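Take a look at the structure below.
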Amino acid sequence: MTGEYLVLKGATAFALPVKKGQSISIKKGRGSDIKWKSFDSNGDVWFSGACSLFDLKFEKSSDPEIAERLSNILNQAVQLNSDFLSQWYGFKVNTNLEFSKDWGLGTSSSLVYCIAQWADVEPYELYERTFGGSGYDIACASADGPLLFTRTEEEIRITHLDFYPDFKDQLYFIYLGKKQSSAEAVAHFNNFEGKISSRLIDDMSQISKACSNASKLGEFTRCLNECEEIIHRELKLERLQQTNFKDFEGTIKSLGAWGGDFALVASDLPQDVIKAYFSNKGLHQLFSYEELACCPAQTMEFA
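Going by this note's numbering, the sequence shown wraps up at 296, each residue one higher than the last.
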């Protein structure tokens, strides 16, 4: 919601988990490999493969790039816990997404969280070794409601919130259809040559806290605009509303890495008017706050 990019430098981020998540089921199988299947929200297999327990490489798979990424996660998990996968029996592993894998709602982070549970390792460390980033999305993977997230060199601080404002019916999420790579966004920010001052970090932290405490829509949107103005000014990124939705009556804010996935919409216009506005721009997937916000923890099953 707020604090993107600067959360990597210690700023407090205001984060909102979603209802739709990812689950994993693990069953003992025959042989000495892991038979892996990933199902999408329609119940269709979008990835499958067989991973050797000898070297944790996929001998065959439907997508070599995904197989390599998954192999790296498993390898890193073994490095963190040498007992993980040390028994010479196979597994049948199924993962199930409750949202479209194109939506960018945490396919990778929720998978890392699930594998960390299976491997009995620290999920933040596993995520740091595999994808990088602040880890706020790992915090969201295990949360059942909004939170404030701060990561410094010394510690990770998470404050769970009861954010259910009176203006929730005036909040929406619009899918923009432009999936953004979080890893690439992190790399871009880390290569940024400008100076990020401690005052700037403090300012963003105060905005995140004020946003999470807002009792009126006007207060909330003011915080959103202040957050976007800081990112626009300091990182030289273009604001979504100014480039694509300048005539919209309300506030539209990028979520996460700018340039893709979802945006937050805050407006007191009737929902049908908002829906028509975006439909006229070719964007047809608009969700209310209650449809998407606040997910249960990710789940896993052993057998």
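Idealized CB from N, CA, C, for every residue including glycine.
The structure displayed is predicted, hence computed values, not measured ones.
Query: Determine which residues share a DSSP beta bridge with V11 and list them.; Result: A286
Query: Assign W29 to one of two classes, buried (16 or more other C-beta atoms within 10 Å of its C-beta) or exposed (fewer than that).; Result: buried
Query: For the segment 156 to 173 against the segment 254 to 267, do three or more pairs of beta-carbon atoms, one drawn from each stretch, fall closer than 8 Å, so that the two count as touching?; Result: yes
Query: Drop a sphere of 10 angstroms on the beta-carbon of G211, count the other beta-carbons inside from all chains shown, and report buried for 16 or more, exposed for fewer.; Result: exposed
Query: Here's a check: name, in chain order, each residue in its chain whose Cβ is nearer than 6 Å to the Cβ of I149, leaving out the five neighbours to either side.; Result: none
Query: So what does DSSP say about F213, is it helix, strand or coil?; Result: helix
Query: So, under 8 Å CB-CB, S25 and F51 are touching, yes? Tell me the CB distance rounded to an integer number of Å.; Result: Incorrect: roughly 14 Å between the Cβ atoms, too far for contact.
Query: Can you tell me the Cβ-Cβ gap for E91 and G249, rounded? I've got them flagged as a contact below 8 Å.; Result: Contact flag wrong, Cβ pair sits at about 19 Å.
Query: Return the residue from the list S190, A207, F255 that minimises the CA-CA distance to S93.; Result: F255
Query: Within 10 Å of its beta-carbon, does W81 have 16 or more other beta-carbons around it, so buried, or fewer, so exposed?; Result: exposed
Query: Are G36 and K85 close, meaning C-beta to C-beta below 8 Å?; Result: no
Query: On the three-state DSSP scale, how would you describe A43?; Result: strand
Query: Tell me whether the beta-carbon of A132 lies closer than 8 Å to the beta-carbon of I108.; Result: no
Query: I'd like to know if the segment 0 to 14 and the segment 127 to 147 are in contact, where contact means that at least 3 CB-CB pairs between them fall below 8 Å.; Result: yes
Query: Report the residue from L140, N87, L78 whose alpha carbon sits nearest the alpha carbon of I19.; Result: N87
Query: Give me the Cα-Cα distance between R122 and A6, rounded to the nearest whole angstrom.; Result: 21 Å
Query: Go ahead and label R192 buried or exposed: buried means 16 or more other beta carbons lie within 10 angstroms of its beta carbon, across all protein chains shown.; Result: exposed
Query: Mind reading off the beta-carbon distance from Y129 to V266? Whole number of angstroms is fine, and I expect it under 8 Å.; Result: That belief does not hold up - the Cβ atoms of Y129 and V266 are roughly 33 Å apart, past 8 Å.
Query: DSSP state of K268, grouped into three classes?; Result: helix
Query: In the segment 198 to 246, which residue ranges form an unbroken alpha helix (DSSP H) of at least 4 residues, counting only runs that do not cross its ends?; Result: 210 to 228, 233 to 237
Query: For A286, tell me which candidate among F124, G125, D155, S64 has the shortest Cα-Cα distance.; Result: D155
Query: Pop quiz: S41 and S55 are said to be a contact at Cβ under 8 Å. What is the actual Cβ separation, rounded to whole angstroms?; Result: 5 Å
Query: Would you tell me roughly how many angstroms separate the C-alpha atoms of L231 and K246, rounded to the nearest one?; Result: A quick correction: the sequence has Glu, not Leu, at residue 231. Using only the alpha carbons, I get a separation of about 11 Å.
Query: How long is the line joining the alpha carbons of S64 and W251, rounded to whole angstroms?; Result: 29 Å
Query: Can you name the residues that DSSP bridges to V258?; Result: Y165, I245
Query: Please check if any C-beta of chain B sits within less than 8 Å of the C-beta of F84.; Result: Absent from the structure is chain B; it holds one protein chain and no more.
Query: Ordered along the chain, which non-local residues of its own chain (more than five positions away) have a Cβ less than 6 Å from that of I189?; Result: K2
Query: Roughly how many whole angstroms lie between the Cα atoms of F238 and K274?; Result: 9 Å
Query: Looking at the secondary structure, which residues open and close the alpha helix (DSSP H) in which W251 lies?; Result: Here W251 belongs to no alpha helix (DSSP H), and DSSP marks it neither H nor E.
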